[in-house]
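One structure is given here, and the rest of the page talks about it.
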Amino acid sequence: MARVFLSLGSNLGDRVTNIQQAVSSLSMRDDIKIIKTSSFYETEPWGNKNQPWFVNACLALDTSLKPNQLLRLCQTIELKLGRIRDEKERYQKRAIDIDILMYDNEIMADGEVLIIPHPYMHKRAFVLVPMLEVKSDLVHPVFKKTISELYDELANPEDVFLYGTVTQQ
600 MARVFLSLGS NLGDRVTNIQ QAVSSLSMRD DIKIIKTSSF YETEPWGNKN
650 QPWFVNACLA LDTSLKPNQL LRLCQTIELK LGRIRDEKER YQKRAIDIDI
700 LMYDNEIMAD GEVLIIPHPY MHKRAFVLVP MLEVKSDLVH PVFKKTISEL
750 YDELANPEDV FLYGTVTQQ
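The sequence shown lines up with residues 600 to 768 when you count with our numbering.
Given below as structure tokens:
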């Protein structure tokens, strides 16, 4: 089993319910065991500021799925929950976004389709703040720094506010 960290975000519709449904879809699988879920955080949009604020959370999970299998599953869940992808426009509004942040200590790049660890996680407070709650001492395999250290090094973090906590299952 691999230890995996995911980031989930939503800024369309019932943002909290969208994330809860994504977590539920993941937790119903026999090949995935949710270890820890962060609180929910309301976060300023990153990249395209002209859109609604997000609700974000992070998960730690164990899975027997390979990285590409997990990516396909996450994309299937996104589609089921109303995600519309426009490859021409990045940083768009979305009902749900599920990103693989880290997969064990693996470093991999499958073109632009899947890059592990996530290539921008170290620059985004909306990822690092929930990750601080999930596993602050996790070491990034490329930068060899903990999540806490990466957060402390953010030059201009976007606004992140505690939105609510979740009950562990």
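For each residue, glycine too, the CB sits at the ideal point set by N, CA and C.
Query: Inter-stretch contact at 8 Å, needing at least 3 Cβ pairs: the stretch 704-716 / the stretch 629-646; Result: no
Query: DSSP three-state assignment for Gln767, whether helix, strand or coil; Result: With a pLDDT of 47 at Gln767, under the threshold of 50, the predicted position of this residue should be treated as unreliable, though the coordinate-derived value follows. In this structure, Gln767 counts as coil in the three-state DSSP scheme.
Query: Anticipated Cβ contact below 8 Å, Ala656 with Pro729, distance rounded; Result: 5 Å
Query: Arg682 vs Arg693 beta-carbon contact at 7 Å; Result: yes
Query: Beta-carbon proximity check, Val603 vs Tyr702, cutoff 7 Å; Result: yes
Query: Boundaries (first-last residue) of the beta strand (DSSP E) holding Ser606; Result: 601-609
Query: Those runs of the beta strand (DSSP E) which lie wholly inside the stretch 638-715 and span at least 3 residues; Result: 639-642, 653-662, 696-702, 707-709, 713-715
Query: Proximity of Leu611 and Ile697 at Cβ, strictly below 7 Å; Result: no
Query: Alpha carbon of Tyr762 to alpha carbon of Asn647, nearest angstrom; Result: 21 Å
Query: Continuous alpha helix (DSSP H) stretch holding Thr616: start and end; Result: 614-626
Query: Closest residue to Asn649 among Arg684, Gln691, Pro756 (Cα-Cα distance); Result: Gln691
Query: Bridge-paired residues (DSSP) for Val738; Result: Thr745
Query: Same chain, Cβ closer than 7 Å to Arg723, neighbours up to 5 away in sequence not counted; Result: Trp645
Query: Pick from Asp613, Glu677, Lys632 that is closest to Trp652, judged by C-alpha positions; Result: Asp613
Query: Burial state of Ile746 (16 or more Cβ within 10 Å); Result: buried
Query: Cβ-Cβ distance between Ile695 and Ser626 below 7 Å; Result: no
Query: Euclidean distance between Cα positions of Ser624 and Met720; Result: 24 Å
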